[in-house]
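Chains as they are written, first to last, in our numbering: chain A, 1 to 436; chain B, 437 to 872. Don't be surprised by glycine CBs; every beta carbon is placed ideally from N, CA and C. The block underneath contains the structure these notes are about, expressed in C-alpha cells.
Number of protein chains: 2
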Amino acid sequence: MIEYRTIRVGLLGAGSVGSQVARLLLEHSDELTQRIGARIELVGIAVRDTGAKRDTQLPPELLTTDAESLILGSDIVIELMGGIEPARTLVLGAIASGADVVTGNKALLANHGPELFAAAEQVGAQLSYEAAVGGAIPIIRPLRDSLAGDRIDRILGIVNGTTNFILDRMDSTGASLEDALATATELGYAEADPTADIGGYDAAQKAAILASLAFHTSVPVTAVHREGITGVTAQQVESARSAGFVVKLLAICERLVDDETGEEGVSARVYPALVPRSHPLAAVHGANNAVFVEAAAAGPLMFYGAGAGGVQTASAVLGDLVAIARRHVIGGPGTAESTHAELPLLDIGRITTRYAITLEVADEPGVLEQIAHVFAEHGVSVEQLQQTVSGAAERATLVIGTHEAKESALAETVAALAQSPVVESVASVLRVEGAV
Amino acid sequence: MIEYRTIRVGLLGAGSVGSQVARLLLEHSDELTQRIGARIELVGIAVRDTGAKRDTQLPPELLTTDAESLILGSDIVIELMGGIEPARTLVLGAIASGADVVTGNKALLANHGPELFAAAEQVGAQLSYEAAVGGAIPIIRPLRDSLAGDRIDRILGIVNGTTNFILDRMDSTGASLEDALATATELGYAEADPTADIGGYDAAQKAAILASLAFHTSVPVTAVHREGITGVTAQQVESARSAGFVVKLLAICERLVDDETGEEGVSARVYPALVPRSHPLAAVHGANNAVFVEAAAAGPLMFYGAGAGGVQTASAVLGDLVAIARRHVIGGPGTAESTHAELPLLDIGRITTRYAITLEVADEPGVLEQIAHVFAEHGVSVEQLQQTVSGAAERATLVIGTHEAKESALAETVAALAQSPVVESVASVLRVEGAV
Numbered sequence: 001m002i003e004y005r006t007i008r009v010g011l012l013g014a015g016s017v018g019s020q021v022a023r024l025l026l027e028h029s030d031e032l033t034q035r036i037g038a039r040i041e042l043v044g045i046a047v048r049d050t051g052a053k054r055d056t057q058l059p060p061e062l063l064t065t066d067a068e069s070l071i072l073g074s075d076i077v078i079e080l081m082g083g084i085e086p087a088r089t090l091v092l093g094a095i096a097s098g099a100d101v102v103t104g105n106k107a108l109l110a111n112h113g114p115e116l117f118a119a120a121e122q123v124g125a126q127l128s129y130e131a132a133v134g135g136a137i138p139i140i141r142p143l144r145d146s147l148a149g150d151r152i153d154r155i156l157g158i159v160n161g162t163t164n165f166i167l168d169r170m171d172s173t174g175a176s177l178e179d180a181l182a183t184a185t186e187l188g189y190a191e192a193d194p195t196a197d198i199g200g201y202d203a204a205q206k207a208a209i210l211a212s213l214a215f216h217t218s219v220p221v222t223a224v225h226r227e228g229i230t231g232v233t234a235q236q237v238e239s240a241r242s243a244g245f246v247v248k249l250l251a252i253c254e255r256l257v258d259d260e261t262g263e264e265g266v267s268a269r270v271y272p273a274l275v276p277r278s279h280p281l282a283a284v285h286g287a288n289n290a291v292f293v294e295a296a297a298a299g300p301l302m303f304y305g306a307g308a309g310g311v312q313t314a315s316a317v318l319g320d321l322v323a324i325a326r327r328h329v330i331g332g333p334g335t336a337e338s339t340h341a342e343l344p345l346l347d348i349g350r351i352t353t354r355y356a357i358t359l360e361v362a363d364e365p366g367v368l369e370q371i372a373h374v375f376a377e378h379g380v381s382v383e384q385l386q387q388t389v390s391g392a393a394e395r396a397t398l399v400i401g402t403h404e405a406k407e408s409a410l411a412e413t414v415a416a417l418a419q420s421p422v423v424e425s426v427a428s429v430l431r432v433e434g435a436v
Numbered sequence: 437m438i439e440y441r442t443i444r445v446g447l448l449g450a451g452s453v454g455s456q457v458a459r460l461l462l463e464h465s466d467e468l469t470q471r472i473g474a475r476i477e478l479v480g481i482a483v484r485d486t487g488a489k490r491d492t493q494l495p496p497e498l499l500t501t502d503a504e505s506l507i508l509g510s511d512i513v514i515e516l517m518g519g520i521e522p523a524r525t526l527v528l529g530a531i532a533s534g535a536d537v538v539t540g541n542k543a544l545l546a547n548h549g550p551e552l553f554a555a556a557e558q559v560g561a562q563l564s565y566e567a568a569v570g571g572a573i574p575i576i577r578p579l580r581d582s583l584a585g586d587r588i589d590r591i592l593g594i595v596n597g598t599t600n601f602i603l604d605r606m607d608s609t610g611a612s613l614e615d616a617l618a619t620a621t622e623l624g625y626a627e628a629d630p631t632a633d634i635g636g637y638d639a640a641q642k643a644a645i646l647a648s649l650a651f652h653t654s655v656p657v658t659a660v661h662r663e664g665i666t667g668v669t670a671q672q673v674e675s676a677r678s679a680g681f682v683v684k685l686l687a688i689c690e691r692l693v694d695d696e697t698g699e700e701g702v703s704a705r706v707y708p709a710l711v712p713r714s715h716p717l718a719a720v721h722g723a724n725n726a727v728f729v730e731a732a733a734a735g736p737l738m739f740y741g742a743g744a745g746g747v748q749t750a751s752a753v754l755g756d757l758v759a760i761a762r763r764h765v766i767g768g769p770g771t772a773e774s775t776h777a778e779l780p781l782l783d784i785g786r787i788t789t790r791y792a793i794t795l796e797v798a799d800e801p802g803v804l805e806q807i808a809h810v811f812a813e814h815g816v817s818v819e820q821l822q823q824t825v826s827g828a829a830e831r832a833t834l835v836i837g838t839h840e841a842k843e844s845a846l847a848e849t850v851a852a853l854a855q856s857p858v859v860e861s862v863a864s865v866l867r868v869e870g871a872v
C-alpha cells in the first residue's frame with residue numbers, strides 16, 4: 001500500500017460550479033489520488049451562509065464562513081465565488097500565503113488579471129483559470145501551451161451560452177428577442193437579471209481574457225468594444241436566414257496592422273454579427289459555446305462544447321487542480337503568464353469588417369444614385385444591393401452588403417445615410433464575420 | 437538587454453514537417469525567445485542524405501547524417517523521422533543522455549509508447565507528442581491536462597485526413613472509391629502507396645495513442661480492431677446519404693463494462709461507420725480532422741482542425757517545444773504519462789453498437805419472417821426494416837437497421853443471414869455510431 005502525501009485544497013464558494021467541484025472531489029477521491037500521485041483533501045468550503053439551501057448535499061462540517069483561515073490551511077485554493085471583491089483580496093491573500101490558485105472568475109481576471117499574474121509570478125505560484133472561458137471546453141490551456149509556438153491571428157468565439165440559446169431560438173423558430181429570452185429564462189439558461197449576458201458584458205470579459213492570452217498583451221475589459229444583442233430583431237434574423245447567414249454574438253480578438261501607425265495592434269470586441277451558414281460557428285446550437293482560432297501555422301482550429309453548467313464547468317476546474325497538484329508532486333513551479341508582446345490596443349474604428357445595411361427609402365428616381373454616392377464619398381465599396389418595393393406605396397427596402405472597409409468609414413457611412421433626405425430609416429446594421 | 441541562456445535543440449528528420457519546424461524556429465527565433473525566456477538554438481538537423489532535394493531551403497551547415505552526435509549536443513531532441521527504427525533507438529538514446537524529447541511519430545508511440553514513457557519517467561525527462569494525433573489540433577494536451585480531473589467515457593475521432601477526403605468526396609460527388617482515391621492522390625492528399633491510410637493502419641495507431649491517454653491504460657496498436665475503407669462502395673455512401681447519414685472512418689475509444697466479467701474495460705477500434713448528418717462529426721469535410729470526446733462531467737467536446745500538412749503539424753511540434761523549454765527555464769521535470777488504471781483491453785466482440793445491413797433477398801412469401809427469425813434467434817432487435825423491390829423480378833432489397841446489440845451477436849447474425857437460403861447476398865454491413 002502506497003503512503004500518499006496529502007495536498008490540502010480549500011474551496012471558496014459553493015454555487016452551481018463550486019458545489020459540483022466539491023462533490024466530484026469527494027466522490028472521485030481515489031481516482032484523483034492515482035492520477036496525481038498524492039491525496040487531495042478538501043479541507044473546507046467557504047460560503048457566506050453555512051445554513052443556506054444548496055442543490056448538492058455537502059458535508060456540513062466542511063462549510064465555514066471564515067475564508068481567511070481556510071486559505072491559510074490550504075496548499076491549493078479554488079476560487080469560485082465570482083465578482084471582484086472579496087474574491088480579489090482572497091486570491092491575492094492565497095498567493096501571498098504560498099498557495100496555488102485555480103479560479104473560474106472571469107470578472108476578476110478581465111479586470112485585475114495583470115495584478116494577479118504578477119503576484120503569482122513573484123512567488124512562483126501557479127494560477128490557472130480554464131473554467132473562466134468556455135465552461136468545460138479546454139481553450140485556455142490549448143492557447144497557452146499547445147499554440148505557444150504558433151502565432152495566433154484571430155479568434156472568433158461564441159462564448160456566452162445564454163445569448164447563443166436566444167439567437168439560435170430566434171433563428172430556428174422565428175421568435176422575437178423577448179419571447180426567446182422568456183424561453184431561456186424558463187429553461188434556466190438565463191438569469192433573472194439577464195443584463196450581463198444579453199448586454200454582452202460576460203462575453204466582453206471573456207474576450208479580454210482570450211485576447212490577453214492569445215496576443216501576449218494585457219487587454220483589460222475596458223478596452224473591449226461591446227455591443228449586446230438587445231437590438232437584434234426577428235426581422236434581422238429572418239433576413240439573415242434568407243441570405244444564408246445566421247446572427248451570432250461573437251467575441252472577436254484580432255491581431256492587425258494599424259494603417260495609421262504601420263504597427264501591429266490588438267482589437268478585442270463583442271457584437272452580434274452575421275456568420276455564413278457554411279462556417280463551423282454557424283452550427284453551434286443552443287447554449288453551447290465554441291471558439292474558432294486562426295493561427296499562422298496551424299490554420300483554423302475549433303474548440304466546441306458546453307459553455308456553462310455546474311458539473312461541466314467543474315470539469316475544467318478539476319483539470320486545473322490535477323495539473324497543479326501534479327506539479328506539487330514532481331516539483332517545480334508553474335508557468336508564468338506571458339505579456340511580453342504588449343501590443344497596442346486598437347479602437348474599434350481601426351478594424352476592418354463588412355456591413356449588411358437595411359434601409360427604408362423613398363421609391364423614386366435617383367434614390368439609388370444618391371445612396372451610392374454616400375458610400376462612394378466615404379470610400380466604402382458596395383458588394384451587393386437588393387431592392388424590394390414594399391406593399392406601402394412610394395417605399396422600398398434596400399439591403400446593401402459592403403466589401404471590407406474600415407469600421408470608422410462604415411460607421412460614418414451609416415451616419416450619413418441616416419441624414420440623407422431619401423432615407424426614411426436605417427432599419428438594420430449588422431457586421432458580417434467569418435466569411436471565407 | 438537581457439542575456440538569455442541558450443537551449444540547444446537537435447532535429448531528427450527534415451521531411452514535410454521537420455523542414456517546416458526548422459524554418460519556423462529560424463524565422464521566429466526572437467518571438468520564441470521572449471515567450472520562453474531562453475534562446476532556442478537549432479544546433480543541427482539529422483537527415484539520411486544531406487544532398488537530397490527539399491521543399492524548404494535549410495541552412496546546409498545545419499545538416500548532418502550523424503544523428504547520434506547531434507543528440508549528445510542537444511538539450512531537447514525533436515524526432516520527426518517516422519517509422520520505428522532508428523527512431524526508437526535514437527529517442528531512447530536522447531532520453532538516456534538527459535535530453536527532453538518532442539516526437540510526432542505515431543507508429544513509434546503506438547508500438548513502443550510504454551517503453552518510451554518508462555524511460556522518460558525514470559530520468560525525469562519530458563516526452564511530448566501533440567503532433568502524433570490530429571496534426572495541428574491540440575488534443576493530446578487537452579486530454580492529458582485539461583480533462584485530467586474528469587472521466588473520459590468515449591472518443592470518436594476522424595483522425596485520418598486522406599480517408600476523410602475520399603469519403604467526403606464520395607459523399608458530395610457520388611464518386612467511386614477508386615475515383616475519389618485518384619483525386620486524393622492527384623491533389624496530394626494521398627501517398628503513392630495509400631495502404632497506411634485507406635487500410636486504417638494510420639487511424640489505428642492514433643486510436644491506440646488516444647485510448648492509452650484517455651483511459652490511463654497501455655493500449656498497443658495490436659489491441660486495436662482495424663477495418664479500412666477499401667470495402668466502402670458508392671452505393672453504400674448513397675444509401676447512407678438518403679437515410680440521413682454520412683460514412684466516416686472513425687477511431688473509437690470507449691470505456692465500457694464487460695458484461696461477462698462485470699468489470700470495466702477499454703475498447704479501441706477503427707472502422708467506417710454511419711454517422712447521423714446532425715452529428716458534429718458529419719460536418720468535418722475534406723482532409724480535416726476532428727476528435728469528439730465524451731467526458732462524464734464535461735459532456736461532449738469537439739476539437740477540430742487540420743489533421744495533416746507540414747506547417748500545420750509543425751505548429752503542434754513547436755507548441756510542445758515551447759512548453760518543454762519553459763520548464764527548462766523555470767525548473768522542475770515534466771509530468772509523467774499515467775497508466776495507473778490499466779483497464780483490460782476488450783475484444784471487438786464485447787462492444788455494443790448498431791448495424792445497418794443491406795440484403796438482396798428473394799421476393800416471395802415468408803422471406804421476411806425467416807429473416808426476422810435469424811435476428812431474433814441471435815437476440816438482435818430490429819429497429820427498422822425497409823424493403824424495395826428491385827427492377828429484376830423475384831428480387832428485393834432489404835435495408836435493416838438494428839437496435840444496439842453486442843458486436844459478437846451482430847456478427848453472428850450477419851453470418852447466419854449469409855447462410856440463409858432466402859438471402860441471395862449480404863450487400864452491405866455498416867455500423868452506426870454517434871447516434872443521440
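query, result
"Proximity winner among B:Ser648, B:Ser455, B:Gly593, B:Leu448, relative to Ala546 (chain B) (alpha-carbon distances)", "B:Ser648"
"Residue nearest to Ala316 (chain A) in terms of C-alpha spacing, selected from B:Val816, B:Glu690, B:Lys842, B:Leu579", "B:Leu579"
"For Val237 (chain A) and Arg762 (chain B), the rounded distance between their alpha carbons", "47 Å"
"Limits of the unbroken beta strand (DSSP E) element including Ser425 (chain A)", "423-432"
"7 Å Cβ cutoff met for Ala204 (chain A) and Val221 (chain A)", "yes"
"Same chain, Cβ closer than 6 Å to Val436 (chain A), neighbours up to 5 away in sequence not counted", "Any reading at Val436 (chain A) needs caution, since the residue's pLDDT is 46, under 50, leaving its predicted position unreliable; the model's value is listed next. Same-chain partners within the cutoff: there are none."
"Selection of the segment 527-549 of chain B by Cβ proximity to chain A, strictly under 9 Å", "none"
"Whether Thr402 (chain A) touches Thr388 (chain A) by CB criterion (7 Å)", "no"
"Whole-Å CB distance - Asp145 (chain A) paired with Ala759 (chain B), under 8 Å assumed", "5 Å"
"Closer than 7 Å at the beta carbon, the chain E residues around Ile573 (chain B)", "Note that chain E does not occur in the displayed structure, where the protein chains are A and B."
"Inter-stretch contact (C-beta, 8 Å, three-pair minimum) for the segment 524-531 of chain B and the segment 625-638 of chain B", "no"
"Outcome for Arg484 (chain B) when other beta-carbon atoms lying within 10 angstroms are tallied against a minimum of 16", "exposed"
"Reference Ser69 (chain A), options A:Val9, A:Glu115, A:Gly18, closest by Cα", "A:Val9"
"Segment contact flag, the segment 786-802 of chain B with the segment 854-861 of chain B, C-beta cutoff 8 Å, min 3 pairs", "yes"
"Cα-Cα separation, Gly113 (chain A) to Glu254 (chain A)", "19 Å"
"Contact under 7 Å by Cβ, Gly319 (chain A) with Gly134 (chain A)", "no"
"Ser19 (chain A) at chain B interface by Cβ criterion, 7 Å", "no"
"Segments of 4+ residues assigned as alpha helix (DSSP H) that fall wholly inside the segment 43-108 of chain A", "67-72, 87-96"
"Backbone CA spacing between Ala119 (chain A) and Gly98 (chain A) [nearest angstrom]", "11 Å"
"Proximity test, Cβ basis, 7 Å: Tyr740 (chain B) and chain A", "yes"
"Cα-Cα separation between His279 (chain A) and Val720 (chain B), rounded to whole angstroms", "11 Å"
"Which of helix, strand or coil DSSP assigns to His373 (chain A)", "helix"
"C-beta neighbour in chain B for Val436 (chain A), strict 7 Å", "Per-residue confidence for Val436 (chain A) stands at a pLDDT of 46, beneath the threshold of 50, marking its modelled position as unreliable; the derived number appears in the next sentence. So no, Val436 (chain A) is outside the interface."
"Residues bridged to Ala798 (chain B) [DSSP beta-bridge criterion]", "B:Arg831"
"Through-space distance from Gln34 (chain A) to Ala14 (chain A), alpha-carbon basis", "26 Å"
"Cβ pair count under 8 Å reaching 3, the segment 457-472 of chain B against the segment 255-270 of chain A", "no"
"Contacting positions in the segment 342-370 of chain A - beta carbon closer than 7 Å to chain B", "none"
"Beta strand (DSSP E) segment containing Glu614 (chain B), residue limits", "Here Glu614 (chain B) belongs to no beta strand (DSSP E); instead the alpha helix (DSSP H) covers 613-622."
"For Gly701 (chain B), the three-state DSSP class (helix, strand or coil)", "strand"
"Close-in-space but distant-in-sequence residues of the same chain around Ser29 (chain A) (CB under 8 Å, 5 per side omitted)", "Arg39, Ile40"
"Secondary structure of Asp783 (chain B), DSSP reduced to three states", "coil"
"Paired residues, beta bridge with Met738 (chain B) - DSSP", "A:Tyr304, B:Phe728"
"6 Å CB neighbourhood of Ile665 (chain B) in its chain, flanking five on each side removed", "Thr599, Ile634, Leu685, Pro708"
"Reduced DSSP secondary structure (H/G/I, E/B, other) of Leu256 (chain A)", "strand"
"Check whether Phe292 (chain A) and Leu430 (chain A) have beta carbons under 7 Å apart", "no"
"Separation of Glu813 (chain B) from Glu165 (chain A), as counted between CA atoms", "A small fix is needed here, since residue 165 (chain A) is Phe in this sequence, not Glu. Phe165 (chain A) and Glu813 (chain B): Cα-Cα distance of roughly 47 Å."
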